[in-house]
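Below: the structure, in structure tokens.
Numbering (the numbering used here), first residue to last: 248 to 313.
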């Protein structure tokens with residue numbers, strides 16, 4: 248009886264850890280994509296690559312690759 252309950256608690260705990268890890272990863276990827284989109288928009292406006300890198304936190308190489 249206790250073992251079954253303990254197993255369920257462990258499974259639930261592992262599921263929650265996985266869920267949080269997935270959320271954090273997705274949030275991080277979305278944040279990075281937002282920076283890239285902002286950089287593309289700034290580049291289209293004629294802002295210098297150096298200023299774009301400074302404003303977005305992207306590397307100069309990342310900005311140049313857009």
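Even for Gly, the Cβ is constructed at its ideal location relative to N, Cα and C.
Give a yes or no on whether the C-beta atoms belonging to residue i and residue j are separated by under 8 angstroms.
i           : j           : result
residue 302 : residue 313 : no
residue 297 : residue 311 : no
residue 282 : residue 253 : no
Since residue i is in the alpha helix (DSSP H), which residue starts that stretch and which ends it?
i           : result
residue 294 : Segment: none, residue 294 is in no alpha helix (DSSP H) and carries neither H nor E.
residue 307 : 307-311
Excluding sequence positions up to five away, which residues of its chain have a Cβ less than 8 angstroms from the Cβ of residue i?
i           : result
residue 306 : 300
Hey, how far is the Cα of residue i from the Cα of residue j?
i           : j           : result
residue 294 : residue 275 : 25 angstroms
residue 259 : residue 272 : 20 angstroms
residue 286 : residue 264 : 33 angstroms
residue 268 : residue 292 : 37 angstroms
residue 262 : residue 278 : 24 angstroms
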